[in-house]
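Under this note's numbering, residues 1 to 278 are what the sequence shown spells out, in order.
Ideal Cβ placement from N, Cα and C applies to all residues, glycine included.
Source: prediction; values computed, not measured.
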Amino acid sequence: MLSNLQENGVDAGRYTTNSQSIQFGPWHISYDVSCILPSVCSTKVVCERDDDQFCQFCIYCKELKIPHFPDMVFPKNVLKLAHESGSAISFNPLDALKCVASTADAIEVSCAEAWQEARPNAEKPKRPFDWTFSTNYKGTLTDNVVVEATNEAINFELLKQKEQILFYHDLTLFEDELHDHGVSKLSVKIRVMPSYWYVLLRYFLRVDDVLVRSNETRMFHMLNTDYVLREYTVKEAEAKDLSIPTSMMKDADDVIPILPVVQKTMHKLIMKQPEPLA
Ligand SMILES: [Zn+2]
1 MLSNLQENGV
11 DAGRYTTNSQ
21 SIQFGPWHIS
31 YDVSCILPSV
41 CSTKVVCERD
51 DDQFCQFCIY
61 CKELKIPHFP
71 DMVFPKNVLK
81 LAHESGSAIS
91 FNPLDALKCV
101 ASTADAIEVS
111 CAEAWQEARP
121 NAEKPKRPFD
131 WTFSTNYKGT
141 LTDNVVVEAT
151 NEAINFELLK
161 QKEQILFYHD
171 LTLFEDELHD
181 HGVSKLSVKI
191 RVMPSYWYVL
201 LRYFLRVDDV
211 LVRSNETRMF
221 HMLNTDYVLR
231 EYTVKEAEAK
241 DLSIPTSMMK
251 DADDVIPILP
261 VVQKTMHKLI
271 MKQPEPLA
């Protein structure tokens, strides 16, 4: 119900959304770009009626268990890959933030200490949560997508080949500067080429002098196949084990290649054809 509201809620017309799309074989690929999530309720009269009409801020408060949101959340920055079978893969900040731990045991000690250091005057959050907003979000799949483990790897040589880029975009889903103590950012990039499409969803965390982490989901679809390859890679290192100071790590692209891999999984997402009507 609420996810439906997110698209059709009261404030739908209040945002100027910039949308672009492309058709790629059976896929309709589109993205929306819009503005930042307000930090307070924007339509109090409507939201207080509590009759299923809510502003973006109230939807986030209702759907999420974490007591704070990142400084910048772009609620309507959404990438969607819809398959003609009715199945779809999408990337949105609300589902990503649902994967942020809201339990006490999820908080790393070093990070909890850094939180206090970063906010000497701040009250400790009443409910424990992972204030780094670390998310293992791998995209949102509709129920009819079949997920299987696979040994098939993404052909990275193919990705390096120079082909004409038909469609490209880099969307920020959320970002927080951890009160000037680092960065926590989730972004998604899409590239459509004549023979394939490729998506990189990247969560990057740098807590200065504490740790650096990346959770990356890559999706690759070759034209005329009925599946998408999904590679999920977690990388992490403590600041003391890295040869460069964290303050020098301004660009995630420079840091991630040198981080050790902690976890890597490969899956095949199979786009099921709809059952023929009886
Ligand atoms: Zn509201």
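- Task: Starting from the Cα of residue 170, find the closest Cα among 250, 78, 214 and 136 and give me that residue.
- Result: Locating residue 170 in the sequence shown gives position 170, where the first residue counts as 1. The shortest C-alpha separation from residue 170 is found at 78.
- From the DSSP output, in three-state form, read off residue 247 for me. Translated into positions along the sequence shown, residue 247 becomes position 247. Correct three-state label for residue 247: helix.
- Message: So within the region 174-257, which uninterrupted beta strand (DSSP E) runs reach at least 3 residues, ignoring any that extend past its ends?
- Response: 182-192, 196-207, 211-222 and 227-238
- Which of the three DSSP states, helix, strand or coil, is assigned to residue 69? Within the sequence shown, residue 69 is the residue found at index 69, counting from 1. Residue 69 falls in the coil class under three-state DSSP.
- Message: For ligand 1, I want to know if residue 35 counts as a neighbour, meaning its beta carbon is within less than 6 Å of at least one of the ligand's heavy atoms.
- Response: Residue mapping note: residue 35 aligns to position 35 of the sequence shown, counting from 1. Result no, Cβ not under 6 Å from ligand 1.
- Chain-ordered residues, beta carbon under 5 Å from a heavy atom of ligand 1: 41, 47, 55 and 58
- Task: Decide if the region 236-252 is in contact with the region 264-271; the criterion is three or more beta carbon pairs, one per stretch, under 8 Å apart.
- Result: no
- Query: When the Cβ atoms of the region 187-196 are set against those of the region 158-174, are three or more pairs found closer than 8 Å?
  - Reply: yes
- Message: Taking contact to mean 3 or more Cβ pairs, one atom from each stretch, closer than 8 Å, check whether the region 56-68 and the region 29-42 are in contact.
- Response: yes
- Query: Can you tell me whether residue 45 is buried or exposed, with buried defined as 16 or more other CB within 10 angstroms of its CB?
  - Reply: The residue labelled residue 45 in the question sits at position 45 within the sequence shown. Classification for residue 45: exposed.
- Have a look at 70, 200 and 80 and flag the residue whose alpha-carbon is nearest the alpha-carbon of residue 32. The residue labelled residue 32 in the question sits at position 32 within the sequence shown. The residue with the shortest Cα to Cα distance from residue 32 is 80.
- Item | Which residues DSSP lists as bridging residue 27, in chain order | By 1-based counting over the sequence shown, the position of residue 27 is 27. BP columns for residue 27 point to 24 and 83.
- Message: Rounding to the nearest angstrom, what Cα-Cα distance links residue 146 and residue 248 in this structure?
- Response: Here residue 146 corresponds to residue number 146 of the sequence shown, with the count starting at 1. Here residue 248 corresponds to residue number 248 of the sequence shown, with the count starting at 1. Each residue's alpha carbon lies about 42 Å from the other.
- Please work out which residues of its chain come closer than 7 Å, Cβ to Cβ, to residue 94, disregarding the five sequence neighbours upstream and downstream, and give them in chain order. In the sequence shown, residue 94 corresponds to position 94, counting from 1. So the list reads 6, 60, 63 and 75, once near-sequence residues are dropped.
- Rank 227, 100 and 135 by C-alpha distance to the C-alpha of residue 149 and give the top, closest one. In the sequence shown, counting from the first residue as 1, residue 149 sits at position 149. The shortest Cα separation from residue 149 among 227, 100 and 135 belongs to 227.
- residue 270 (DSSP reduced to helix, strand or coil): The residue given as residue 270 occupies position 270 in the sequence shown. Residue state, collapsed to three classes: strand.
- Message: Checking the sheet assignment: what are the DSSP bridge partners for residue 96?
- Response: Numbered from its first residue, the sequence shown carries residue 96 at position 96. In the DSSP output, where bridge partners are listed per residue, residue 96 has none listed.
- For the alpha helix (DSSP H) holding residue 156, just list the boundary residues, first then last. The residue labelled residue 156 in the question sits at position 156 within the sequence shown. Start and end: 156-160.
- Message: Using a 10 Å radius around the Cβ and a threshold of 16 neighbouring Cβ atoms, would you call residue 68 buried or exposed?
- Response: Taking the sequence shown and counting its residues from 1, one reaches residue 68 at position 68. Answer is exposed; the Cβ neighbour count stays below 16.
- Message: Buried or exposed for residue 231, going by 16 or more other Cβ atoms inside 10 Å?
- Response: As a position in the sequence shown, residue 231 is number 231, starting the count at 1. A residue is called buried once 16 or more other Cβ atoms fall within 10 Å of its Cβ, and residue 231 is buried on that count.
- Query: Rounded to the nearest angstrom, how far is the Cβ of residue 135 from that of residue 186, given a contact under 8 Å?
  - Reply: Looking up residue 135 in the sequence shown gives position 135. Looking up residue 186 in the sequence shown gives position 186. Right, their Cβ atoms sit about 6 Å apart.
- Could you say which of 82, 65 and 72 lies nearest to residue 98 if we only look at CA atoms? Reading the sequence shown from its first residue, position 98 is the one you call residue 98. It is 65.
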